[in-house]
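Residues 15 to 195 (the numbering used here) are what the sequence shown spells out, left to right. For every residue, glycine included, the Cβ atom is placed at its ideal position computed from N, Cα and C. A quick write-up on the structure given underneath.
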Amino acid sequence: MDPISRRPRPARPQPPRPDVSVEPLRPRQEPTPSVLPRLATALWTLTAVLILVLAAVIALNWEPVLSGVESAVSQQDSTASAVDVRNTASATLLSSGAAGAVLVLLGFVALNLLRGAATSSKVLMGAVGLLTIGAAVTFSTFVSDAPALLGGVLQWGPFVVAAAAGAATVVALLPRRASTR
């Protein structure tokens, strides 16, 4: 506004925009997601399947496996009654199955957290992996006196489970870098 005339001045027209185009020196490359989370999930799924196979072998051959575990328990405590030995052997097999189920579920939870890049996911996955390896090796000592069913699957199966869990844990804990193509 002009302070003297009190009439508004006409609005100034906007200047035309210049035609400018900026191009990057190199074309932008979109990073491809890492395959490590998928590989870790596949290995952990293999671990779960192997645990289910061992559980099925035990369930289908309950009496022979139970008698093998009973003989191992009776060697440890020769003064225990037959009922106590049988109960201890049953509890050992059932608690091993329950521990395996819990560890498999915790592994999937840790892998899910790992996909979201949660801070605690690597610690959880490392702990679950180590516990699964330890549980598999410990389970192999429980069933070491079980009869050689299906080619001795109860003798070497827990070690395969431990190897698969170890591989899944290592792959899950590897640093992920998105690759560019």
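Closest to residue i by C-alpha separation, out of the options, would be which residue?
i	options	result
Ala186	Val151, Gly165, Ser134, Asn101	Ser134
Leu107	Phe122, Leu120, Val83, Asp91	Val83
Glu77	Thr55, Thr59, Asn101	Asn101
Gly140	Arg31, Thr155, Thr93, Leu188	Leu188
Leu119	Pro22, Ala62, Glu37	Ala62
Suppose contacts are defined by Cβ-Cβ distances below 9 Å. Is residue i in contact with residue j by that definition?
i	j	result
Ser104	Leu74	no
Ala182	Leu57	yes
Val151	Ala176	yes
Val87	Val97	no
Leu128	Pro51	yes
Ser95	Asp159	no
Thr55	Leu125	yes
Pro143	Gly180	Per the sequence shown, the amino acid found at residue 143 is Gly instead of Pro. For Gly143 and Gly180, yes; Cβs fall inside 9 Å.
Ser48	Arg190	yes
By DSSP, does residue i sit in helix, in strand, or in coil?
i	result
Pro22	coil
Gly121	helix
Trp58	helix
Thr46	strand
Pro78	helix
Arg195	Residue placement at Arg195 is poorly supported in this model, since its pLDDT is 47, which falls under 50; the coordinates still yield a value, given next. In this structure, Arg195 counts as coil in the three-state DSSP scheme.
Leu188	coil
Ala150	helix
Ala86	helix
Gly165	coil
Arg100	helix
Arg52	helix
Pro172	helix
Leu108	helix
Ala115	helix
Gly130	coil
Ala39	Looking at the sequence provided, one finds Leu at residue 39 rather than Ala. Residue state, collapsed to three classes: coil.
Just confirm the distance between the C-beta atoms of residue i and residue j, as a whole number of angstroms; I'd bet it's less than 8 Å.
i	j	result
Pro173	Ser110	Note that residue 173 corresponds to Phe in the displayed sequence, not to Pro. Actually they are not in contact, since the Cβ atoms of Phe173 and Ser110 sit about 15 Å apart, beyond 8 Å.
Gly121	Thr146	7 Å
Phe168	Val157	Reading off the sequence, residue 168 comes out as Leu, not Phe. Leu168 to Val157, Cβ: 4 Å. Contact.
Say the cut is 8 Å; is the CB of residue i nearer than that to a heavy atom of the ligand ATP?
i	result
Ala160	Ligands displayed in this structure: none; no statement on the ligand ATP is therefore possible.
TODO: Check whether the region 61 to 78 touches the region 104 to 118, counting contact only when three or more Cβ pairs, one atom from each stretch, lie closer than 8 Å.
DONE: yes
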